[in-house]
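Position 259 of the sequence shown, counted from 1, bears residue number 259 in the UniProt record's numbering, the numbering being contiguous throughout. C-beta: ideal position from N, C-alpha, C; glycine also. Some notes on the structure that comes next.
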Amino acid sequence: MSVAPQKFEEMQEELQAMATKFNFGVAIDGSYMSQQALDLVCKLINESNAGRPKLHKVHCLHVENPEKQEALSLQSAHFKHSATLRIERETHIEMKWVQKHLDVLKFKAETSAGIFSLLEGMAKDNRIDCIVVGTFGLNGEKKDWIGRTSSFSMANSAIPVFIVKPTFLQSQTSGNPRKFLIAVEGKTASYKAMLFVLRYLVRPGKDVVHLFYKNTAKDAEGFFDPYIALLDDMKVQHDAIFSEDRELNVAAEIVKKASDLECEFIVLGKKRTRSRTMIGSITDYVTARSKSSIIICKDSRF
């Protein structure tokens, strides 16, 4: 397993080398949460870009259910919504509608195998950097078929996944700080996840980053130093949380800390497969039990 850079200068250089333009793909299925996921992405881009004009792309990904024939109405509603928000003029976001048509038998077969595999293919074709899924409930088991794909997407996607939960919609107004709990372990996957949110989502001088590291075998002396130096350089409010708790496992403690701190987002890094890293192996638990929205980044992507 590769190890994250141990020096502030290396972290700073890698952060600055990341692309300034970013492509989000939002899964649209006509549900309330898929529309809210689109709104959230546009809102986050708008706020993180304040005073820093950039051209981001937001692709609306839709797999047409042939039994519902809803693509035309969804597409029309989407463009009306975009015009109402004046997205392109105000936030420098380029909007694009992408859809895939299937016949009834193939749609049912793909549904049983996982609709997300189709969305991921569309994302790869359009060079999308992060797939956004709006989900009801704690683990996406209810209400909408896109929501039910969250576990599949988390375990198998090579593309970073942003799972939006309804609790975010009940949180503070945009003018107030948002809180990110970033789980770090010194490996490349969690380090890349931190860089992702710092580059594209965190608002310097406004939002708060809570770094979380758990190790019951040794202390955290010097572990947080390069992370803190980077956050200080970016003028991001932060704190570092180290745990030696032997009673709660790391997944349960991440969920508890995020709840106690009222974090809107939990940020995790993992390899493409389920088990390779300590943090990578606990994403199923965190996604199933946390009320926070989840951002899962893969170390091979950046």
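Backbone secondary structure at residue i - three-state DSSP
{"i": "Asp23", "result": "Correcting the residue type first, residue 23 is Asn in the shown sequence and not Asp. Strand."}
{"i": "Arg127", "result": "coil"}
{"i": "Ala113", "result": "Its pLDDT being 45, under 50, Ala113 is placed unreliably in this model, and the value from its coordinates should be taken loosely. Note: Ala113 maps to helix in three-state DSSP."}
{"i": "residue 307", "result": "The structure shown does not extend to residue 307, since the chain is modelled only from 1 through 302, so no value can be given for it."}
{"i": "Ile45", "result": "helix"}
{"i": "Met95", "result": "strand"}
{"i": "Gly121", "result": "helix"}
{"i": "Trp145", "result": "Note on Trp145: pLDDT 48, under 50, position unreliable in the model; no value is reported."}
Length of the line joining the Cα atoms of residue i and residue j
{"i": "Ala189", "j": "Lys298", "result": "6 Å"}
{"i": "Ala288", "j": "Thr135", "result": "11 Å"}
{"i": "Val236", "j": "Gly205", "result": "5 Å"}
{"i": "Ile294", "j": "Phe162", "result": "6 Å"}
{"i": "Glu262", "j": "Leu61", "result": "31 Å"}
{"i": "Phe302", "j": "Met18", "result": "The predicted position of Phe302 is uncertain, since its pLDDT is 48 and thus under 50; a value taken from the coordinates is nonetheless stated next. So the alpha carbons of these two residues sit roughly 8 Å apart."}
{"i": "Arg199", "j": "Leu211", "result": "16 Å"}
{"i": "His238", "j": "Lys179", "result": "9 Å"}
{"i": "Gln45", "j": "Gly222", "result": "The sequence shown places Ile at residue 45, not Gln. In a straight line, the C-alpha of Ile45 is about 33 Å away from that of Gly222."}
{"i": "Val184", "j": "Ser34", "result": "29 Å"}
{"i": "Gly186", "j": "Glu9", "result": "16 Å"}
{"i": "Asp219", "j": "Ile182", "result": "19 Å"}
{"i": "Asp260", "j": "Ser243", "result": "15 Å"}
{"i": "Asn215", "j": "Phe224", "result": "13 Å"}
{"i": "Thr283", "j": "Ile296", "result": "8 Å"}
{"i": "Leu38", "j": "Glu120", "result": "17 Å"}
{"i": "His56", "j": "Met122", "result": "18 Å"}
Supposed close pair residue i, residue j - CB separation, criterion 8 Å
{"i": "Val133", "j": "Leu40", "result": "Actually they do not touch by this definition, with Cβ atoms about 11 Å apart."}
{"i": "Ala27", "j": "Ile131", "result": "7 Å"}
{"i": "Tyr285", "j": "Ala251", "result": "4 Å"}
{"i": "His59", "j": "Lys7", "result": "His59 to Lys7, Cβ: 36 Å. No contact."}
{"i": "Asn23", "j": "Ile128", "result": "5 Å"}
{"i": "Val208", "j": "Pro177", "result": "5 Å"}
{"i": "Arg203", "j": "Glu47", "result": "6 Å"}
Near the ligand FAD: residue i beta-carbon under 8 Å from a heavy atom
{"i": "Gln35", "result": "Among the ligands in the structure shown, none appear at all, so the ligand FAD cannot be discussed."}
* **beta strand (DSSP E) segments (min. 3 residues) lying fully within the segment 222-298** => 237-243, 265-270, 293-298
* Check whether the segment 238-254 touches the segment 190-201, counting contact only when three or more Cβ pairs, one atom from each stretch, lie closer than 8 Å. => no
* To do: Say whether the segment 253-269 touches the segment 220-228, bearing in mind that this needs 3 or more beta-carbon pairs closer than 8 Å, one atom from each stretch.
  => Because the criterion of three Cβ pairs below 8 Å is not met, the segment 253-269 and the segment 220-228 do not touch.
* Okay, do the segment 13-32 and the segment 264-271 touch, 3+ Cβ pairs below 8 Å being the bar? -> no
* To do: Output the residue ranges of the beta strand (DSSP E) runs that lie fully inside the segment 176-219 and measure 3 residues or longer, sorted by chain position.
  => 179-183, 208-214
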